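So the protein lines, in turn, are chains A and B.
Using numbering that gives the first Met the number 0, you'd call the opening residue of the first sequence number 0 and step up by one each time.
Using numbering that gives the first Met the number 0, you'd call the opening residue of the second sequence number 0 and step up by one each time.
Shown next, in structure tokens, is the structure this report addresses.
Number of protein chains: 2
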Amino acid sequence: MRIGIFDSGIGGLTVHRELRAALPGHDLVYLGDTARVPYGTRSPETVKRYSFAVASHLAEAGAEAVVIACNTATTYALEDLAEAGARAGIQVFGVVEPGVRAALAAHHDGAIAVLGTEGTIRGGAYQRALTRTIPEDQIRGVPCPLFVPLAEEGWVDGDVPLAVAERYLGGLRGQIDTAILGCTHYPLLKPVLAEILPGVTLVDSAESTAQAVLAALGPGDGDGSESFVVTDHVDRFTSVGEQFLGRRPQSVSWVDVGPPRGVFSLP
Amino acid sequence: MRIGIFDSGIGGLTVHRELRAALPGHDLVYLGDTARVPYGTRSPETVKRYSFAVASHLAEAGAEAVVIACNTATTYALEDLAEAGARAGIQVFGVVEPGVRAALAAHHDGAIAVLGTEGTIRGGAYQRALTRTIPEDQIRGVPCPLFVPLAEEGWVDGDVPLAVAERYLGGLRGQIDTAILGCTHYPLLKPVLAEILPGVTLVDSAESTAQAVLAALGPGDGDGSESFVVTDHVDRFTSVGEQFLGRRPQSVSWVDVGPPRGVFSLP
């Protein structure tokens with residue numbers, strides 16, 4: 000099966016990496032909307048329009064399932080994309096529900112923190128999903144916008160990320176027992192987060208999502224080919240992407256995604 | 000006269016602020032392309048296309064002069080925009096040349112540092128302009144991508160911006176006597192930069208640009224009305240913009256800029 004994966008840019012490569020490991024026999028097409036990154040500070044309407052546009056491109060590229068490897072896009076577009084996809088037999092997965100399930104399984108008596116971009120926290124998808132099981136006063140939504148540029152700079156250890164993480168999260172020590180890394184960039188900062196939040200379980204949505212997709216689609220029995228397309232320059236994606244994917248992305252090409260259309264016309 | 004000002008987002012408000020002070024009698028229309036911010040990491044072709052699109056909107060809104068209040072857009076689009084504008088009698092100003100002239104006037108025997116986004120430093124417009132007067136080994140181009148999210152977070156003092164600035168710039172102490180703030184966000188970090196680079200003259204391109212526009216157009220003799228348009232949500236622009244403008248921006252509305260057209264069709 001061909002699985003389309005999309006993100007606003009590079010961060011979703013952490014999801015691609017986990018999907019590749021869990022589903023070795025499916026073909027993966029990754030689309031990074033690098034011309035319009037970041038989605039995290041944009042309005043819900045804009046994020047939805049962009050998400051439908053990139054999903055349209057993936058459908059035309061033959062994707063039979065789509066993984067939204069972006070927390071902001073999952074927050075604002077999953078429901079409508081899943082509804083549109085269902086009519087054409089295309090299953091659509093997001094990163095929020097799998098992370099929520101893993102966090103609820105890990106959590107004991109402390110609160111659960113959701114760390115994410117401004118858009119993800121303001122959108123509240125994680126918080127709403129958690130309140131189906133735990134009370135609101137056990138949930139802390141924390142926007143951490145500097146984590147994305149830190150990860151993209153490769154500043155994932157040393158004094159700067161520690162100072163930033165302390166400022167965002169130091170006040171949570173003793174209050175929480177679980178933290179959801181609600182942005183695909185954040186797994187790169189796991190060692191720093193573990194130092195600032197000792198004893199706290201860090202839930203990586205990328206891993207949880209790959210397990211959810213594996214449960215639905217199986218590991219596949221093909222060759223497991225892969226390709227990457229981006230909407231802005233290829234060079235930066237290839238160089239910065241290496242630390243997210245764990246290896247240099249191969250077969251990267253540029254694409255103009257065009258407007259939402261076909262299966263994924265805007266509702 | 001009506002003067003159009005544009006930036007990829009919010010940072011250009013530091014230029015608007017200086018223009019308002021220097022040219023009280025001109026009408027100002029500010030366009031922040033917040034749906035497509037940041038320009039700093041995008042390719043030259045993409046930045047040029049976006050710049051022509053927003054300039055087209057400003058021309059249709061009656062702008063008789065255009066100030067590119069964005070270093071990346073100045074780097075990649077000023078030359079072509081100025082050529083297109085000249086055919087219709089619209090003068091186009093950028094932020095690079097005024098900053099360069101101010102830096103050359105301030106500099107003595109040390110090197111000049113250019114601080115900017117990845118796009119501005121890679122584009123090399125400041126460096127090329129400086130090499131017309133001083134040798135290349137007296138110029139240091141330093142990309143400082145974390146300064147933009149720091150300014151937008153309002154983290155402009157304390158340990159985090161100091162640690163970031165030290166990591167980018169600590170190695171320059173003793174080597175440089177002048178630093179150009181080659182990004183419209185950076186004036187907010189002046190106190191931090193002054194602490195990390197004691198004795199170094201900090202050249203604010205926003206101030207220098209306003210003086211260059213004043214010299215060309217005069218202070219104006221009208222009421223000095225102003226309006227702001229953005230391509231993504233108005234609320235964030237208004238709240239985050241306050242610290243850049245020094246007051247809350249009034250009359251902010253949303254606009255879809257459309258493609259490059261008319262006077263500013265793509266060359």
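Don't be surprised by glycine CBs; every beta carbon is placed ideally from N, CA and C.
Model, not experiment: these values are computed from the prediction.
Asked: With a CB to CB cut of under 8 angstroms and the five nearest residues on each side skipped, what residues in its chain are close to glycine 257 of chain B?; Found: Ala52, Ser55, His56
Asked: So is glutamate 194 of chain B in contact with chain A if we call contact Cβ pairs under 9 angstroms?; Found: no
Asked: When you compare the CB of aspartate 158 of chain A with every CB in chain B, is at least one pair closer than 9 angstroms?; Found: yes
Asked: Alpha carbon to alpha carbon, how far is alanine 101 of chain A from leucine 180 of chain A? Give it in angstroms, no decimals.; Found: 11 angstroms
Asked: Measuring CB atoms only, is the region 149-156 of chain A touching the region 101-113 of chain A, in the sense that at least three cross pairs come out at less than 8 angstroms?; Found: no
Asked: Just list the beta strand (DSSP E) runs in the region 133-216 of chain A, keeping only unbroken ones of 3 residues or longer that don't cross its boundaries, in chain order.; Found: 138-142, 175-180, 200-203
Asked: Chain B partners of arginine 35 of chain A, CB-CB under 7 angstroms?; Found: Arg35
Asked: With distance defined between alpha-carbon atoms, name the residue in A/Lys47, A/Phe243, A/Leu129 nearest to lysine 189 of chain A.; Found: A/Phe243
Asked: For the structure I just gave you, are there three or more beta carbon pairs, one from the region 89-96 of chain A and one from the region 26-45 of chain B, closer than 8 angstroms?; Found: no
Asked: Kindly indicate which three-state DSSP category alanine 112 of chain A falls into: helix, strand or coil?; Found: strand
Asked: Assuming phenylalanine 146 of chain A and tyrosine 185 of chain A make a contact with CB atoms under 8 angstroms, what is their CB distance in whole Å?; Found: 6 angstroms
Asked: Does the beta-carbon distance from serine 204 of chain B to valine 95 of chain B come in below 9 angstroms?; Found: yes
Asked: Can you tell me whether DSSP reads aspartate 222 of chain B as helix, strand or coil?; Found: coil
Asked: Just checking my contact of glutamate 206 of chain A with glutamate 17 of chain A at CB under 8 angstroms: how many whole Å lie between their CB atoms?; Found: 5 angstroms
Asked: Valine 288 of chain A by DSSP, collapsed to three states: which one?; Found: Because chain A here runs from 0 to 266, residue 288 of chain A falls outside it and cannot be looked at.
Asked: So glutamine 90 of chain A is in the beta strand (DSSP E); what residue range does that whole segment cover?; Found: 90-92
Asked: Look at the alpha carbon of serine 238 of chain A and the alpha carbon of valine 254 of chain A, and state the distance between them as a whole number of angstroms.; Found: 18 angstroms
Asked: Which residues in the same chain as alanine 201 of chain B place their Cβ atom closer than 7 angstroms to its Cβ, once the five residues preceding and following it in sequence are excluded?; Found: In the sequence as displayed, the identity of residue 201 of chain B is leucine instead of alanine. Excluding sequence neighbours, leucine 201 of chain B sits near Ala178, Leu180, Lys189, Leu192, Ala193.
Asked: Our contact map puts valine 141 of chain A next to valine 113 of chain A with C-beta atoms below 8 angstroms; I'd like the distance itself, whole angstroms only.; Found: 7 angstroms
Asked: Since aspartate 231 of chain A meets chain B, which of its residues come closer than 7 angstroms, beta carbon to beta carbon?; Found: Arg41, Ser42, Thr45
Asked: Strictly under 9 angstroms for the Cβ-Cβ distance: is leucine 114 of chain B near chain A by that measure?; Found: no
Asked: How would you label serine 7 of chain B, buried or exposed, when you count the other beta carbons within 10 angstroms and need 16 or more for buried?; Found: buried
Asked: Taking Cβ-Cβ distances below 8 angstroms as the criterion, which residues of the region 209-236 of chain A are in contact with chain B?; Found: Asp231, His232, Arg235
Asked: In chain order, what residues of the same chain lie with their CB nearer than 7 angstroms to the CB of leucine 265 of chain A, ignoring the 5 residues before and after it?; Found: Arg48, Phe51, Pro259
Asked: Taking C-alpha atoms, which residue in A/Thr74, A/Asp26, A/Leu187 lies nearest to glycine 219 of chain A?; Found: A/Asp26
Asked: Determine the chain B residues that contact arginine 166 of chain A at a beta-carbon separation under 7 angstroms, and present them in chain order.; Found: Val159
Asked: Taking C-alpha atoms, which residue in B/Asp231, B/Ala215, B/Phe263 lies nearest to serine 252 of chain B?; Found: B/Asp231
Asked: Within 10 angstroms of the Cβ of threonine 13 of chain A, are there 16 or more other Cβ atoms? Answer buried if so, exposed if not.; Found: buried
Asked: So alanine 21 of chain A is in the alpha helix (DSSP H); what residue range does that whole segment cover?; Found: 12-21
Asked: How far does the alpha helix (DSSP H) with aspartate 79 of chain B in it reach, from first residue to last?; Found: 70-86
Asked: Tell me whether the region 124-143 of chain A and the region 117-132 of chain B touch, counting them as touching only if at least three CB pairs, one residue from each stretch, are closer than 8 angstroms.; Found: no
Asked: Between proline 97 of chain B and the rest of its own chain, which residues show a CB-CB distance below 6 angstroms, the 5 nearest in sequence each way excluded?; Found: Ser207, Thr208, Ala211
Asked: DSSP puts alanine 64 of chain A in a beta bridge; with which residues?; Found: A/Ile2, A/Gln90
Asked: Which residue's Cα is closest to the Cα of alanine 72 of chain B: B/Val228, B/Cys182, B/Glu82, B/Val229?; Found: B/Cys182
Asked: Which same chain residues end up closer than 6 angstroms to leucine 187 of chain B when comparing Cβ atoms and leaving out the 5 residues on each side of it in sequence?; Found: Ala150, Val155
Asked: Is there a Cβ from chain A that is less than 9 angstroms from the Cβ of glutamate 151 of chain B?; Found: yes
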